[in-house]
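First up is the structure itself, then whatever we jot down about it.
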Amino acid sequence: MLVEMKGIVVDFGPVRAVDHVDFTVKPGEIVGLMGENGAGKSTLMNVLAGTFPPNEGEILLDGKRVSLGSAKDAMRLGIRFIHQELNLCDDLTVFENMYLAEELLRGPLLNKKAMAERCAKVFERMQVEIDPCAAVETLQPAEKQMVEIARALLFKSEVIIMDEPTTALSTHEIENLFEIMRQLKAQGVSFIYISHKMPELFEICETYSVLRDGKLVSSGRFSDIDESAVTEMMIGRTLSGEDFEHKPCYARDEVALSVKNLTGAGFRNVSFDLRKGEIIAITGLQGSGRDQLADALFGAEPSSGEVTVNGHPVKSGGTVLQHMHRGIGMVPRSRKERGILNDLSIIDNTSMAYFNTKHRKLLIRPKDEVSRYEREKKALSIKADNPKNPITSLSGGNQQKVILGRWLETDADILIFDNPTQGIDVGTKFEIYHLILRLAESGKAILVFSSEFPEIFKLADKCMVMYLGEVRQTLDRAELTEKNMMYYAIGANLEGIRHG
Amino acid sequence: MVKSAQAHPPKFQIKKLLSEYSYWLSFLILVALAGAMNPNFFRWTNVSNIFVQSAPTGIIALGMMMVICAGQIDISVGAQVAIISGLSIVVLNATSNIWVQLLFCLALGLFIGTFTGALVAKGHMPAMIATLAVQSACRSIINQIGQGGPFTVADKANYETFRMVAAGHISLFGLKIPYPMIMLIAFALLFDLIMQRTKLGKHIYAVGSNETSARLAGVSVDRVKILVFTITGLLCGFAGWLYASRVMAVAASSAGNLFEMDAIAAVAIGGTSMSGGRGKVIGTFLGVLMFKIINNILNLADVPTFLNGAISGGIIIIAVLLQSTQNRKK
């Protein structure tokens with residue numbers, strides 16, 4: 078199906094989110110849609126998926142003008158939007174999810190057999206092995222992604238919009254997803270692929286469109302451009318001179334955090350020493366125990382083992398608050414679900430950790446709160462007009478900066494960054510990297526949990542690689558290559574796969 | 039000032055003011071309406087009377103607002119008032135001291151509230167179920183102790199002293215200011231301070247907004263959950279004492295009946311988000327008064343008192359509907 082969007086304009090109150098954008102998808106084409114957060118990608122796609130109508134402009138499908146009044150209209154015409162947060166009901170089975178609200182009936186009753194059979198047929202076409210009768214909660218994140226795609230195919234979708242589909246997937250699963258996309262592409266299905274991850278975009282997409290501030294700044298073929306060109310188009314300036322190749326090491330001699338044989342749910346026998354000014358990255362695929370280790374180091378999950386903070390042995394386990402009093406801070410992963418307090422103002426979000434560790438007086442003085450916020454705003458160049466507005470009024474990158482500010486205000490000696498640049502635009506990413514390096518220079522001890530090699534390479538003095546709950550290898554900076562990291566992350570050294 | 043007005047178009051500001059302070063608008067409209075229907079509405083006796091009548095539920099509504107802001111609900115407050123006010127009269131008869139009686143009320147409220155809070159926070163029970171169970175238990179116990187008859191103050195001297203808690207007043211600038219009015223206003227000011235200017239207040243909003251984020255920012259979520267119920271229990275203790283003094287004969291089966299409805303309704307019209315995280319004490323305070331003024335208007339319009347429950351139900355529905363449509367527009 079040929080999709081043409083012409084002169085699309087979307088206004089949210091006084092804000093123009095999408096400004097006269099033309100966007101075309103040919104049958105069997107995979108288009109990479111790029112842009113910083115807030116550039117208008119999701120808004121444009123929501124228009125195509127019928128979530129809301131545009132203020133101006135028209136949509137043509139195979140040359141015919143259509144009006145998409147609702148998501149249902151769009152689905153009927155063969156357009157599906159797979160959102161970043163998967164919309165599946167965990168307690169229902171796979172086929173019940175796929176047919177949700179469009180169930181097949183036999184008389185007044187559900188025709189379960191027919192539904193399960195048709196789902197099985199779609200999985201067969203995709204060449205994935207998922208039992209249609211399994212409960213969704215038993216599936217891996219990647220399988221859930223497959224279910225969403227299968228659901229799109231089940232209803233004969235010809236255009237599938239995917240918003241950051243690989244956030245929860247491992248490299249192997251991403252490969253598998255791409256394989257399926259290529260097969261479907263050969264069958265004439267087209268994809269719109271929204272992502273921040275350059276290597277994936279360059280691998281799977283042929284054409285690209287870049288949005289900035291609601292306007293289409295460029296479109297063309299990936300074969301004609303390179304990563305730095307894309308970055309430049311997205312942020313409107315070059316990041317050249319951003320040399321992380323010769324990143325200095327700020328590690329001092331004093332050990333800030335020493336962990337011996339730490340064991341908890343999902344990981345075991347983790348030992349390491351983190352020195353002041355040192356940045357250690359901890360990586361691993363989904364299910365490697367990386368997330369659980371991050372939470373345990375901050376007291377959000379129970380654990381046992383020997384932990385020494387600044388030379389004082391402390392009891393492992395303990396509450397988050399106890400860890401904060403020991404001088405540990407954590408910027409959690411999944412900002413929306415675990416970081417921001419969405420009903421609270423920007424100011425209160427900034428001060429929340431400070432209240433818990435440092436605030437001693439009976440009453441809170443609004444003036445102190447404002448000056449705390451102003452300090453962080455300046456240090457982190459947070460862009461916000463009224464700090465009394467809820468934090469949700471900010472873009473993702475600025476929200477994350479507020480969360481960073483929250484922890485900087487506690488003056489913690491040891492900072493844990495758990496996937497700190499998840500879903501954040503390139504410009505802000507670089508700002509956060511520089512900030513982390515500055516913190517290390519000032520003597521903070523830093524742990525970065527991440528799965529993105531470019532990020533790890535920009536920051537880490539050392540990288541610990543986890544596989545199935547254990548740290549399998551610690552790579553020095555000299556040994557730190559993407560190939561090396563993957564080799565240990567997929568457990569190749571254990572499975573007897575030869576290096577390289 | 040001039041600068042900031044230029045920075046924002048004035049239309050935008052009015053819209054924001056309207057959505058943020060909508061309860062002020064509804065309050066003013068109601069007052070105007072009541073004033074038009076009842077020429078005596080603005081007389082001091084009527085105004086102070088509105089405060090006196092709203093005091094017990096109003097004090098409880100302040101706690102309810104905290105509970106709802108923390109993402110919880112407490113439907114046991116009416117039954118708590120019943121058991122506390124009933125037993126308080128037994129205590130008064132035994133000790134002849136209203137201060138000992140007050141202490142008893144607070145202690146019992148503290149106990150019931152903390153117990154409920156522990157069920158919710160430590161026992162991981164949904165607040166609706168935990169407080170439903172507590173409600174049923176409290177009402178049944180006081181019914182059993184009362185055995186059908188009302189609790190009354192035996193001694194004449196005690197009767198006169200205790201009566202003055204609700205009926206007494208101080209004189210200021212030639213105006214008679216009843217004690218319950220002072221209590222309600224004082225509690226409202228105190229709670230506004232707690233919600234806006236203390237750690238506890240910020241923690242309550244944080245927990246109601248997103249428990250996981252709050253926990254990861256170092257908030258002791260369980261402690262906050264228990265505390266909101268404890269504080270509501272304490273307020274029920276105080277309100278129970280005041281209520282007993284106002285009615286002087288506490289009927290076990292009907293005392294505090296539907297107080298939970300009135301309190302939740304006041305919180306709802308006061309603009310507090312029913313899913314937690316947002317709300318202001320001043321909104322709840324005006325909500326309490328609005329609720330009474332509506333009753334006042336209905337009385338004047340000869341609406342039978344039996345229909346009061348239907349009215350409060352209707353008010354909750356309208357207030358929450360308005361809230362959810364407004365949220366959807368955002």
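In order, the protein sequence lines correspond to chains A and B.
Counting from 78, one number per residue, gives the positions in the first sequence under this note's numbering.
Counting from 39, one number per residue, gives the positions in the second sequence under this note's numbering.
Where a beta carbon is used, it is the ideal one built from N, C-alpha and C, also for glycine.
task = Under 8 Å by Cβ, that's how I've got residue 275 (chain B) and residue 144 (chain B) pegged, so tell me the actual separation to the nearest angstrom.
result = Translated into positions along the second sequence, residue 275 (chain B) becomes position 237. Translated into positions along the second sequence, residue 144 (chain B) becomes position 106. Contact flag correct, Cβ pair sits at about 4 Å.
message = With distance defined between alpha-carbon atoms, name the residue in A:412, A:465, A:495 nearest to residue 473 (chain A).
response = For the purposes of this step, residue 473 (chain A) is taken as the residue at position 396 of the first sequence. That would be A:412, whose Cα lies nearest to the Cα of residue 473 (chain A).
query = Going by DSSP, which residues form a beta bridge with residue 58 (chain A)?
reply = Lying before the first or after the last residue shown, residue 58 (chain A) is absent from chain A, which here runs from 78 to 577.
inquiry  = Output needed for residue 39 (chain B): all residues of its chain with C-beta closer than 7 Å, excluding positions within five of it in sequence on either side, in chain order.
reply    = Reading the second sequence from its first residue, position 1 is the one you call residue 39 (chain B). The predicted position of residue 39 (chain B) is uncertain, since its pLDDT is 34 and thus under 50; no value can be drawn from it.
key: Range covered by the beta strand (DSSP E) that runs through residue 639 (chain A)   = The structure shown does not extend to residue 639 (chain A), since chain A is modelled only from 78 to 577, so the question has no answer here.
Residue 413 (chain A) - DSSP class collapsed to helix/strand/coil = Here residue 413 (chain A) refers to the residue found at position 336 when the first sequence is read from its first residue. DSSP places residue 413 (chain A) in helix when its eight states are reduced to three.
DSSP three-state assignment for residue 285 (chain A), whether helix, strand or coil = Numbered from its first residue, the first sequence carries residue 285 (chain A) at position 208. Strand at residue 285 (chain A).
key: Short-range partners of chain B found in the stretch 415-426 of chain A, where Cβ spacing is below 7 Å   = 415, 416, 417, 418, 419, 420, 421, 425
inquiry  = Using a 10 Å radius around the Cβ and a threshold of 16 neighbouring Cβ atoms, would you call residue 464 (chain A) buried or exposed?
reply    = For this step, residue 464 (chain A) is matched to residue 387 along the first sequence. With 16 or more Cβ atoms within 10 Å of its Cβ, residue 464 (chain A) is classed as buried.
inquiry  = Quick check on the DSSP output: the beta strand (DSSP E) that includes residue 240 (chain B) runs from which residue to which?
reply    = Within the second sequence, the letter at position 202 stands for residue 240 (chain B). Taken as a continuous stretch (DSSP letters only), residue 240 (chain B) belongs to no beta strand (DSSP E), being part of the alpha helix (DSSP H) at 237-247.
task = Using a Cβ cut-off of 8 Å (strictly closer), state whether residue 243 (chain B) contacts chain A.
result = As a working mapping, residue 243 (chain B) is identified with position 205 in the second sequence. Judged by the 8 Å Cβ criterion, residue 243 (chain B) is in contact with chain A.
key: Of the residues B:278, B:338, B:359, the one placed nearest residue 141 (chain B), counting alpha carbons only   = Working through the second sequence from its first residue, we reach residue 141 (chain B) at position 103. Taking only the C-alpha atoms, the option nearest residue 141 (chain B) is B:278.
key: Chain-ordered residues of the stretch 309-338 of chain B with a beta carbon less than 8 Å from chain A   = 311, 314, 315, 316
inquiry  = Suppose the cutoff is 8 Å on Cβ atoms and the five residues either side in sequence are ignored; what does the same chain contact list for residue 544 (chain A) look like?
reply    = What you label residue 544 (chain A) is simply residue 467 of the first sequence in a count that begins at 1. The answer, listed in chain order, is 361, 362, 365, 565, 566, 567, 568, 571.
task = Report the three-state DSSP secondary structure of residue 397 (chain A) (helix, strand or coil).
result = Position 320 of the first sequence, counting from 1, holds the residue named residue 397 (chain A). In this structure, residue 397 (chain A) counts as helix in the three-state DSSP scheme.
query = Quick one: what does DSSP say residue 333 (chain B) is sitting in, helix, strand or coil?
reply = What you label residue 333 (chain B) is simply residue 295 of the second sequence in a count that begins at 1. The answer is helix: DSSP assigns residue 333 (chain B) an H, G or I state.
query = Do you know whose CA, among A:374, A:393, A:389, lies nearest residue 383 (chain A)'s CA?
reply = The sequence position of residue 383 (chain A) within the first sequence is 306, counting from 1. Nearest of A:374, A:393, A:389 to residue 383 (chain A), Cα basis: A:393.
key: Pairwise C-alpha distance: residue 500 (chain A) and residue 288 (chain A)   = Residue mapping note: residue 288 (chain A) aligns to position 211 of the first sequence, counting from 1. Residue mapping note: residue 500 (chain A) aligns to position 423 of the first sequence, counting from 1. For residue 288 (chain A) and residue 500 (chain A), the distance between alpha carbons rounds to 16 Å.
ask   = Under a Cβ-count criterion, where at least 16 other Cβ atoms within 10 Å of its own Cβ denotes burial, should residue 318 (chain A) be classed as buried or exposed?
value = The sequence position of residue 318 (chain A) within the first sequence is 241, counting from 1. Unreliable positioning characterises residue 318 (chain A) in this predicted model, as indicated by a pLDDT of 46, which lies under 50. A coordinate reading is not provided.
query = Quick one, which residues of the stretch 250-263 of chain B are near chain A if we go by CB-CB under 8 Å, in chain order?
reply = Taking 8 Å as the Cβ-Cβ cut-off against chain A, the residues of the stretch 250-263 of chain B that qualify are 250, 251, 252, 253, 254, 255, 256, 257, 258.
task = For the stretch 354-386 of chain A, enumerate the residues whose C-beta is nearer than 9 Å to any C-beta of chain B, in chain order.
result = 372, 375, 377
key: Neighbourhood of residue 110 (chain B) by C-beta, 6 Å cutoff - its chain only, sequence neighbours within 5 removed   = Here residue 110 (chain B) refers to the residue found at position 72 of the second sequence. Excluding residues within five positions, the ones whose Cβ falls inside 6 Å are 165.
message = So, with DSSP's three-state summary, where would you put residue 405 (chain A)?
response = Translated into the one-based positions of the first sequence, residue 405 (chain A) becomes position 328. It is a strand residue.
message = Taking the beta carbon of residue 70 (chain B) as the centre, do at least 16 other beta carbons fall within 10 Å, making it buried, or is it exposed?
response = Sequence index remark: in the second sequence, residue 70 (chain B) carries index 32 (1-based). Exposed, since its Cβ has fewer than 16 Cβ neighbours within 10 Å.
request  = Would you tell me roughly how many angstroms separate the C-alpha atoms of residue 97 (chain B) and residue 226 (chain B), rounded to the nearest one?
outcome  = On the second sequence, residue 97 (chain B) is found 59 positions in, with the first residue counted as 1. On the second sequence, residue 226 (chain B) is found 188 positions in, with the first residue counted as 1. If I take the Cα positions, the gap works out to 8 Å.
query = Taking C-alpha atoms, which residue in A:198, A:156, A:313 lies nearest to residue 237 (chain A)?
reply = In the first sequence, counting from the first residue as 1, residue 237 (chain A) sits at position 160. Checking every option, the nearest Cα to that of residue 237 (chain A) belongs to A:156.
query = My guess is that residue 288 (chain B) and residue 124 (chain B) are in contact by the Cβ rule of under 8 Å, so how many angstroms apart are they, rounded?
reply = Residue 288 (chain B) sits at position 250 when you count from the first residue of the second sequence. Residue 124 (chain B) sits at position 86 when you count from the first residue of the second sequence. 5 Å between Cβ atoms; contact.
key: Test item: CB-CB of residue 355 (chain A) and residue 522 (chain A) under 8 Å   = What you label residue 355 (chain A) is simply residue 278 of the first sequence in a count that begins at 1. What you label residue 522 (chain A) is simply residue 445 of the first sequence in a count that begins at 1. Yes; because the gap between Cβ atoms is below 8 Å, this pair is in contact.
message = With H, G and I counted as helix, E and B as strand and the rest as coil, what does DSSP make of residue 318 (chain A)?
response = The sequence position of residue 318 (chain A) within the first sequence is 241, counting from 1. Model confidence at residue 318 (chain A) stands at a pLDDT of 46, short of 50, so the residue's coordinates are unreliable and nothing is read from them.
query = Going along chain A, which residues have a C-beta under 7 Å from residue 363 (chain B)?
reply = Translated into positions along the second sequence, residue 363 (chain B) becomes position 325. Here the premise fails: no neighbours, minimum Cβ distance about 16 Å.
Same chain, Cβ closer than 8 Å to residue 280 (chain B), five either side skipped, listed in chain order = As a first step, residue 280 (chain B) is located in the second sequence; it is residue number 242 there, counting from the start. The residues are 93, 94, 97, 203, 204, 218, 221.
query = Helix, strand or coil: how does DSSP classify residue 193 (chain B) here?
reply = Against the second sequence, residue 193 (chain B) aligns to sequence position 155. Note: residue 193 (chain B) maps to coil in three-state DSSP.
query = Can the beta-carbon of residue 138 (chain A) be found closer than 8 Å to that of residue 78 (chain A)?
reply = As a first step, residue 138 (chain A) must be located in the first sequence, where it is residue number 61. As a first step, residue 78 (chain A) must be located in the first sequence, where it is residue number 1. Cβ atoms of residue 138 (chain A) and residue 78 (chain A): closer than 8 Å.
ask   = Given residue 559 (chain A), which residues of its chain have a CB within under 7 Å of its CB, disregarding the five upstream and five downstream residues?
value = Residue numbering aside, residue 559 (chain A) sits at position 482 when the first sequence is read from its first letter. Taking C-beta separations shorter than 7 Å and ignoring five residues to either side along the sequence, the partners of residue 559 (chain A) in its chain run 530, following chain order.
query = Mind checking residue 112 (chain B): buried by the 16 CB within 10 Å criterion, or exposed?
reply = Within the second sequence, the letter at position 74 stands for residue 112 (chain B). So residue 112 (chain B) ends up on the buried side.
query = Between B:74, B:104, B:172, B:321, which lies nearest to residue 374 (chain B) when the distance is taken from Cα to Cα?
reply = No answer is possible for residue 374 (chain B): it lies beyond the span of chain B, which begins at 39 and ends at 368.
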